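K.L.:
A single structure is presented below for examination.
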Amino acid sequence: MKKGVKIALVLVVLAVAVVGYFSYRAAIGRKNLQLDVKTAKVTVGDVEAYLSVSATIESQKKKDYYAPQAKVKRVYVKVGDRVKKGDVLVTFETQDYSSQIEQAQIQYENAVLQRDELYAQKKDIEDKIKELDAQISSLEKSNNQDAAKLESLKQQRDNIQPVSIARIKQAENSVKLAKLTLDNAKKAAAQAQDKITADFSGVVTAVNVVEGAMANSMQPAVTVMDLSNLKAVAKLGRFDAAKVSLGQKVILRNGKKSYKGEVSFIEPVASTTMTASGQESTVGVEIKILDKNPDLKVGFDVDADILIGSKTGVVKVPVEAIRQEKDKTSVFVVEQGKAKQKEVQTGLWSDDEVEITSGLTAGETVILNPGLKVTDGAPVRLPFAGGLGRRMQ
């Protein structure tokens with residue numbers, strides 16, 4: 001073979017090698033430019049939105065029984081005792097009001113008698129004066145006047161002392177005062193509390209009286225709760241309170257255990273409470289616990305998830321797929337190995353899923369947690385077999 005032919009063959013081989021090398025490098029470069037992404041399928045299903053708050057367990061029926069200003073005679077219960085409606089809890093030493101009422105009754109009757117006697121005396125005197133005035137007038141008109149008799153009648157008339165208005169007023173006031181004394185005695189007797197009885201069946205949770213000591217009327221003597229019917233009470237700020245309504249379903253969680261409930265009462269007005277950050281206006285919300293005999297104690301703090309919205313049979317994606325910008329909400333879908341940005345409209349949001357009302361269809365593949373490197377048209381690579389990424393349940 002001629003030397004020139006050999007050189008030509010060598011050059012051809014080198015050219016092929018160079019082209020192959022650079023083609024390989026380009027392929028590697030294109031592969032390295034692809035972004036590894038995690039994905040999920042757009043699905044159709046249900047979306048539920050919950051408001052998570054903290055709540056405290058309380059009894060649905062509780063009563064604080066207050067004692068009178070009296071000496072405690074006997075305490076029949078202790079903390080933890082179960083009582084039934086009508087059971088005597090505490091008795092007190094009270095004075096006998098019967099003698100006071102009897103004495104006040106006698107004083108009242110005597111005052112009435114004296115007043116009535118004064119009324120009768122006043123009437124008798126007025127009648128006597130009228131009679132004498134008539135006789136005097138008749139004699140003065142007569143032609144045959146008996147001067148001595150006329151003078152005697154006038155003398156009698158002048159000697160009569162009428163009952164004064166002051167005496168009448170005093171007698172009437174005496175009756176009023178005696179009646180007030182009698183009424184007060186009866187009222188004191190009616191209000192005299194010689195015992196405390198239970199109004200309903202429950203458990204004694206506090207006893208603040210001691211036998212032989214004076215009861216303190218400023219604090220409850222005994223507290224009784226119905227521990228078979230419990231509720232959870234939460235305090236909500238104005239934004240959260242606006243999302244809650246009567247009848248909403250609630251899931252209460254205490255550790256690994258959960259209980260069903262529903263919103264049963266919402267306070268009509270807000271109250272101001274002190275927090276670490278200052279004053280805060282809150283609205284109390286009561287949650288009725290529907291489960292029988294829940295393993296909960298009054299005073300426990302529990303987590304309450306209030307169902308504030310639900311949708312069935314809607315298009316949905318994971319929350320991680322959503323990119324929110326100032327003027328739009330969008331997702332990135334994978335089409336032919338590239339990221340494509342799509343603007344979407346959202347509906348109900350839960351903690352991990354979002355309802356899509358427009359912009360996507362079921363079966364599309366969305367990119368999760370798209371960082372700033374993911375742009376419209378960027379090449380992407382699915383690291384999972386089949387290129388479908390994870391499927392949202």
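Be aware that the sequence shown starts at 1, since it is given in full-length UniProt numbering, and climbs by one per residue.
Backbone N, C-alpha and C define an ideal beta-carbon position, used for all residues, glycine too.
For clarity, every value in this text was computed on a predicted model and none was experimentally measured.
Compare the Cα-Cα distances from A213 to each of R238, E93, L51 and report the closest residue.
P.N.:
Taking the first residue of the sequence shown as 1, we reach residue 213 at position 213. When each option's Cα is compared against that of A213, the closest is E93.
K.L.:
Residues bridged to Q341 by DSSP?
P.N.:
Taking the first residue of the sequence shown as position 1, residue 341 is located at position 341. Bridge partners of Q341: F332.
K.L.:
Quick check on this structure: which residue in D36, I106, F265 has the alpha carbon closest to the alpha carbon of L246?
P.N.:
Your numbering for residue 246 matches position 246 in the sequence shown. Among D36, I106, F265, the Cα nearest to that of L246 is on F265.
K.L.:
According to DSSP, is Y97 part of a helix, a strand, or is it coil?
P.N.:
Along the sequence shown, read from residue 1 onward, the residue named residue 97 stands at position 97. In the three-state reduction of the DSSP assignment, Y97 falls in the coil class, being assigned neither a helical nor a strand state.
K.L.:
By alpha-carbon positions, which one of D183, D303, K235, A321 ends up nearest to K257?
P.N.:
As a position in the sequence shown, residue 257 is number 257, starting the count at 1. Looking at the Cα atoms, D303 is the closest of the given residues.
K.L.:
Within its chain, find whatever has a CB closer than 7 Å to the CB of L368; leave out the 5 residues flanking it on each side and keep chain order.
P.N.:
Within the sequence shown, residue 368 is the residue found at index 368, counting from 1. Here the set comprises K38, T39, A40, P318, E320, A321.
K.L.:
Near E109, what residues of its chain come up, given a Cβ to Cβ distance below 7 Å and the 5 sequence neighbours on each side ignored?
P.N.:
On the sequence shown, position 109 is the one that residue 109 refers to. There are no such residues.
K.L.:
Beta-carbon separation of V88 and T197 under 9 Å?
P.N.:
The residue you call residue 88 lines up with position 88 of the sequence shown. The residue you call residue 197 lines up with position 197 of the sequence shown. Cβ distance < 9 Å, so V88 and T197 count as in contact.
K.L.:
By alpha-carbon positions, which one of L236, V374, L296, R82 ends up nearest to residue 426?
P.N.:
The requested residue 426 is not part of the displayed model; the chain covers only 1 to 393.
K.L.:
Given a cut-off of 9 Å on the beta-carbon distance, is the pair K231 and K288 in contact?
P.N.:
Translated into the one-based positions of the sequence shown, residue 231 becomes position 231. Translated into the one-based positions of the sequence shown, residue 288 becomes position 288. Contact flag set, yes.
K.L.:
On the criterion of 16 or more Cβ atoms from any shown chain inside 10 Å, does L180 qualify as buried, or is it exposed?
P.N.:
For the purposes of this step, residue 180 is taken as the residue at position 180 of the sequence shown. Label assigned to L180: exposed.
K.L.:
Would you kindly work out how many angstroms separate the C-alpha atoms of I229 and Q60, rounded to a whole number?
P.N.:
Locating residue 229 in the sequence shown gives position 229, where the first residue counts as 1. Locating residue 60 in the sequence shown gives position 60, where the first residue counts as 1. Sequence check: residue 229 is Asn here, not Ile. Each residue's Cα considered, the two are about 6 Å apart.
K.L.:
Evaluate the contact criterion for the segment 183 to 203 versus the segment 62 to 76: three or more CB pairs, one atom per stretch, below 8 Å.
P.N.:
Touching, per the Cβ criterion.
K.L.:
Please list, in chain order, all residues of the same chain as K243 whose beta carbon is under 7 Å from its beta carbon, the five residues on each side excluded.
P.N.:
Counting from one through the sequence shown, the residue named residue 243 turns up at place 243. Answer for K243: L51, I308, listed in chain order.
K.L.:
Could you check whether the segment 126 to 143 touches the segment 156 to 164, counting it as contact only if at least three pairs of C-beta atoms, one from each stretch, sit closer than 8 Å?
P.N.:
yes
K.L.:
To the nearest whole angstrom, what separates the beta carbons of K342 and S358, a pair I think is in contact under 8 Å?
P.N.:
Taking the sequence shown and counting its residues from 1, the one referred to as residue 342 is at position 342. Taking the sequence shown and counting its residues from 1, the one referred to as residue 358 is at position 358. About 10 Å separates the two Cβ atoms, so there is no contact after all.
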